[in-house]
Every structure is written in structure tokens, then in C-alpha cells.
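Below is one structure; the comments refer to it alone.
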Amino acid sequence: MNSMPVTEADLHAYVDGVLSEARHEEIAAYLASHPEELARVNAYRAQNEGLRHLFSPVLDEPVPAGIAAGITADMADGVAHRHGLHTRIAASVLIALAGGIIGWILHGATTPAGMVAQGGRLTGERPVQVAALAHEAAVAHLVYTPDARRPVEIGADQEEQLVKWLTKRTGADMHPPKLGKLGYELVGGRLLPGDSGKPDAQFMYQDADGRRLTLYVSTDQEANRDTGFRFARQGEVNVFYWIDGRFGYALSGGIDKGELARIADTVYDQLNRR
Amino acid sequence: MQEDREHLIACIPRLRRYARALVGDRSAADDLVQDTVERGWRKLSTWRRGSDMRAWLFGIMHNLHVDQRRRHAMPTDVFDEAHEPMADAQHEKVLEMRDLESALRMLPAEQREILLLVALEEMPYAEVAATLNLPIGTVMSRLARARQKLRAQMEGRPMTSPLKVVK
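Spelled out as C-alpha cells, the structure:
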């Protein structure tokens, strides 16, 4: 291979998923024959994931009132409100707990404050509902992927039955994409209550290391315009989601954003080839 | 103006996450965010409309944090005992995360902030350089050192020199 020499900066860009696809492949090939560097890259990726795991819950905390209190038209009381901020933080912990419970009850009726949506302008029609799709998918991912005993209702060993059942219940063709080439095998699927009363479907995939992805499919997105890929994150779950006609799709996983994006590309391709 | 205000408020959760990771202590982190938000609001006229407000705010926070570090000869980094409980996390994972956090605290602040902008904020390297007003080469070398040190801490082994050019 007559490619550019591999530099330290390349390895970091590889860790952070910011290389071009071609360069990414070159570095991957290089790492395949350099186990020590591979171990280092894996350790750095684990650092990234660990840091997000540690600190991303902060995004879901309610913001203490004192923080934004100063940005009113009047800045004259800039010092006064600092006092008491810490008591308000203590109170905010209680509010966070209550908020979590209420969030469950509302179940996607609003865009949660901690949901970070990126990519694609959120100025389109009904952005709240579009983001709600990502939120519901992320919650469903968090609820069912850790379930060791019964992560799915019907397993991949009965795929034909699974497809028939989901298709009948959702009223739409529900063939799960094949992701085996990317290292993810279908575990199975389940039905979930959708917003409009129509059920949504969730497919679960797993790689050799037991890491799980879920593809959430909603069939009641008529009200929303088609979107390109959008990205959102909830806690440590990354979500790529898009609307296509009456379908809404959301691919969720606790894996690297770049890796998830590549899988989302494949899912999108397969769904569009039908 | 109202739109700018909302834009600024929308940046607060990410400023808080970054500050928490940078400073460690919850209340000190929120104080830093509050100072950043207030200064940003006062200096809004210096923000180039259409540019990334988030990066601009991170720049302000960086400067405030540098000032703070200068003022206190002692490091202000304190452990926050009142951690959010990590539900369902296995014990080992919890210990690993604790190690990671203490290793993060031991990094020099100028390395820590770069690692956090890259890892938490997923900021492009060039944007990190612009936000911190540093040459890109400095950003890359500090990032490399931060990751190397963190790994050495986590694995309890001495540091080896990073890769320069190979192949």
C-alpha cells in the first residue's frame, strides 16, 4: 500500500472518528498489524467513552436557576443572586429525581432538556416531535438492551414469524436490515406502544462482544417532513434518526458516533432498496 | 436579542458538563458556568453573529478558568463526594470510572481542557485551537500527552514515548 505514513495525529483522529473514510480504512489496516498501537487506540477510545459516561449525566440535570438569572436585561443585581446558588443546587437534585419520574410519565411528549440534538437544523416543521422519536428510541434502548433474560419478544431464530407478526401489528413491511457484514447479528424484535396508538417496532442487534444496537421503527410520522440524518445523544446512548415518509427510524447504541454513523448508512441503504 | 438569550441558555447544559469535568467540584463548576454566562451576556456584542456561540462561550470559560488558576496558587480541583449514583453499573465499572476521574484530576489543566473539548464536546481540533487561542500543533501534542498520561495512570505503568512517524 503506498499510502501516507501514519502519524501520531492520525491515530488521535482515528480515535475521535474524524478521518475521511479512506484514511480511516488505511489506519485500520495499519493497526491490524501493529497490536501495541491498536491497544493504545482502544485505550484512548475507552477514555473517550469513560469520560462521556462520567459527565454526560450532567446534561440531564436541571440547570440551577441562579446560573441564568444574570442574563436578564438588567445586570445590576449581578452579585446578589450568586448568594443562595448552592442551596438551589441541593434543591435541583430533588427536582432532578422528580423530573426523571415525570419524564417517564410524559414519555416523549416533550423534548427532554438533556437531549442533545445535532446535525440538521432543528428549525424544520415540528422539531419537537422529530426529537421525541430519538428520545423514545433512546429510552427503549436503555430499557431493553441490558435485559439479559428477555431482551426481545421473538428471537432471530424465528425471524420469519417475527417479521409476520410485526408486519401484521404495525401494518407495514417490517423486515429487519441485515447487519452481519458489520459484525452485528439480529437478536430479535419487540413491539412498543407508539404515540398515536399504533405500535412501534424495535429490532435488536448484537456483536461478538455482546454490544447491542437497536433500530426503532415508528410508522406514525405522517405529520413530520422527511429529514436527513440527525444525531442526538441521551446519556451514553448515541442515536442517529431520520424520517422517511410515514416512517421514522432511530438507530441507537452506546458505541462510537462514527461507527454508529456507518451502520446507520447501511440501514438506510437497505431500507431504501426495497 | 431574545433569540441570542435563548441561544445562550441552550448552551448552558454543555457548559455545565464541561465545567464539571474540568473543575471536579459541583458548586465550583456551576460558579464558573455562571461567571461564563454573565460575561458572555455582557460581551454579547463581541460575538460574531453566525459563528458558533458554543465555541465562543467555551473560550470565555477557558479565560476565566485560567484567571482562577492564577489567583489560587493552590489547585482548586476538589473531589465532589456527592456523586450521582450510577444505577446498575457493575462494581468493577464503578471502580474503573473512579480511577478515570482521579486520573483526569491529576492531568495538568492545560492538557485536561483539551482532552475534554475533544472527548466530551467532540470539537474539531482546529476549533479547539481557535477556542483556546493555541497553535494546532500545541493542541495535538497536549492531547497526545493527556491521553498517554491517563492511560499510564489507569494501567499503573510507566509512560512510553508516543509514536512520531512510522512506516
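Residue numbers (our numbering), protein chains in the order written: chain Z, 1 to 274; chain Y, 1001 to 1167.
From the three backbone atoms N, C-alpha and C, an ideal C-beta is built for every residue, glycine too.
Computed from a prediction, not measured in an experiment: that's the story for all the values here.
Under a Cβ-count criterion, where at least 16 other Cβ atoms within 10 Å of its own Cβ denotes burial, should residue i be classed as buried or exposed?
i, result
"S1051/Y", "exposed"
"T1046/Y", "exposed"
"P35/Z", "exposed"
"V143/Z", "exposed"
"A76/Z", "Residue confidence for A76/Z is low, a pLDDT of 34 falling below 50, so the modelled location carries little weight; the figure read from the coordinates is stated next. Exposed: under 16 other Cβ atoms inside 10 Å."
"L1095/Y", "exposed"
"S252/Z", "buried"
"D10/Z", "buried"
"P151/Z", "buried"
"P176/Z", "buried"
"N272/Z", "exposed"
"P57/Z", "buried"
"Q234/Z", "buried"
"G50/Z", "buried"
"D269/Z", "exposed"
"M288/Z", "In the structure as shown, chain Z begins at 1 and stops at 274. Residue 288/Z is therefore absent and cannot be evaluated."
"G180/Z", "exposed"
"M115/Z", "Because M115/Z carries a pLDDT of 48, less than 50, the predicted location of this residue cannot be relied on, and the following value inherits that uncertainty. Buried, by the Cβ-count rule."
"A28/Z", "exposed"
"A223/Z", "exposed"
"M1140/Y", "buried"
"D1035/Y", "buried"
"E1155/Y", "exposed"
"A148/Z", "exposed"
"G1040/Y", "buried"
"T145/Z", "buried"
"W1136/Y", "Position check: residue 1136/Y holds Ile in this sequence, whereas Trp was assumed. Result: exposed."
"A68/Z", "buried"
"A80/Z", "Residue confidence for A80/Z is low, a pLDDT of 35 falling below 50, so the modelled location carries little weight and cannot support an answer."
"R1014/Y", "buried"
"Q1002/Y", "exposed"
Tell whether a beta-carbon distance below 8 Å holds between residue i and residue j.
i, j, result
"A1055/Y", "E1006/Y", "no"
"A201/Z", "V217/Z", "yes"
"R246/Z", "T219/Z", "yes"
"H1062/Y", "L1132/Y", "yes"
"F231/Z", "R1017/Y", "no"
"R225/Z", "I255/Z", "no"
"I263/Z", "L213/Z", "yes"
"M1097/Y", "H24/Z", "no"
"L1104/Y", "L1150/Y", "yes"
"L1032/Y", "A1021/Y", "no"
"E1113/Y", "G70/Z", "no"
"L215/Z", "F240/Z", "no"
"V237/Z", "A138/Z", "yes"
"A1144/Y", "E37/Z", "no"
Measuring alpha carbon to alpha carbon, tell me which residue in the options is nearest residue i.
i, options, result
"R1147/Y", "Y268/Z, V41/Z, Q270/Z", "V41/Z"
"L1044/Y", "I1009/Y, T1138/Y, R1105/Y", "I1009/Y"
"E1110/Y", "Q1068/Y, K1149/Y, R1142/Y", "R1142/Y"
"I243/Z", "E61/Z, A131/Z, N48/Z, Q158/Z", "A131/Z"
"V275/Z", "A208/Z, V58/Z, M204/Z", "Given a span of 1 to 274 for chain Z in the structure shown, any question on residue 275/Z remains unanswerable."
"E136/Z", "E61/Z, A264/Z, Y249/Z", "Y249/Z"
"G66/Z", "L1120/Y, D1025/Y, D1030/Y, I1114/Y", "D1030/Y"
"D60/Z", "P1124/Y, V1066/Y, I1012/Y, R1071/Y", "I1012/Y"
"G194/Z", "V163/Z, V15/Z, P146/Z, A134/Z", "A134/Z"
"E160/Z", "R149/Z, D173/Z, A148/Z", "D173/Z"
"A1123/Y", "V139/Z, A13/Z, R169/Z", "According to the sequence shown, residue 1123/Y is Met rather than Ala. Considering only alpha carbons, the answer is A13/Z."
"F1058/Y", "R1049/Y, L1100/Y, E1101/Y, L1116/Y", "L1116/Y"
"T170/Z", "K178/Z, E185/Z, T145/Z, K198/Z", "K198/Z"
"L192/Z", "A208/Z, W165/Z, K178/Z", "W165/Z"
"S1027/Y", "A22/Z, V63/Z, Y44/Z, S20/Z", "V63/Z"
"K178/Z", "Y44/Z, A32/Z, D265/Z", "D265/Z"
"H141/Z", "K168/Z, Q206/Z, G183/Z, E8/Z", "Q206/Z"
"N48/Z", "D16/Z, L162/Z, K168/Z", "D16/Z"
"Y184/Z", "A208/Z, A43/Z, K257/Z, G228/Z", "A208/Z"
Does any residue of chain B have a CB that is nearer than 8 Å to the CB of residue i?
i, result
"I71/Z", "Protein chains in the displayed structure are Z and Y, and chain B is not among them."
Contact list for the segment 1037-1051 of chain Y against chain Z, Cβ threshold 7 Å: V1037, E1038, W1041, R1042
Proximal residues, the segment 40-64 of chain Z versus chain Y, C-beta separation under 9 Å: R40, A43, Y44, A46, Q47, N48, E49, G50, L51, R52, H53, L54, F55, S56, P57, V58, L59, D60, E61, V63, P64
Whole alpha helix (DSSP H) elements within the segment 1046-1077 of chain Y, 4-residue minimum: 1053-1071
Minimum length 4: unbroken alpha helix (DSSP H) runs contained in the segment 1094-1157 of chain Y: 1109-1119, 1125-1132, 1136-1155
The segment 129-143 of chain Z: positions lying closer than 9 Å to chain Y by Cβ: Within the segment 129-143 of chain Z, no residue has a Cβ that lies closer than 9 Å to any Cβ of chain Y.
Continuous alpha helix (DSSP H) assignments of at least 4 residues falling wholly in the segment 10-59 of chain Z: Listed in chain order, the alpha helix (DSSP H) elements of length 4 or more contained wholly in the segment 10-59 of chain Z are 21-32, 35-55.
Chain Y contacts from the segment 253-272 of chain Z (Cβ-Cβ distance under 9 Å): K257
Residues in the segment 1025-1037 of chain Y having any Cβ partner in chain Z nearer than 8 Å: Cβ proximity to chain Z below 8 Å picks out R1026, S1027, D1030, D1031, V1033, Q1034, V1037 from the segment 1025-1037 of chain Y.
Chain-ordered residues of the segment 1100-1121 of chain Y with a beta carbon less than 8 Å from chain Z: From the segment 1100-1121 of chain Y, only L1100, E1101, L1104, L1115, L1116, V1118, A1119, L1120 have a Cβ closer than 8 Å to chain Z.
Interface residues of the segment 1120-1140 of chain Y facing chain Z [CB-CB below 8 Å]: Identification of residues in the segment 1120-1140 of chain Y having a C-beta nearer than 8 Å to some C-beta of chain Z yields L1120, E1122, P1124, Y1125, M1140, given in sequence order.
Contact set between the segment 14-30 of chain Z and chain Y, restricted to residues whose Cβ is under 9 Å from the partner: V15, D16, G17, V18, Y30
Whole alpha helix (DSSP H) elements within the segment 151-178 of chain Z, 4-residue minimum: The qualifying runs are 159-170.
Interfacial residues, the segment 149-168 of chain Z to chain Y, with Cβ spacing under 7 Å: none
Where the segment 1001-1015 of chain Y meets chain Z: residues whose CB sits under 8 Å from a CB there: R1005, L1008, I1009, I1012, P1013, R1014
Start-end ranges of the beta strand (DSSP E) lying completely within the segment 181-257 of chain Z, minimum 3 residues: 185-192, 200-206, 212-218, 230-234, 237-244, 247-253
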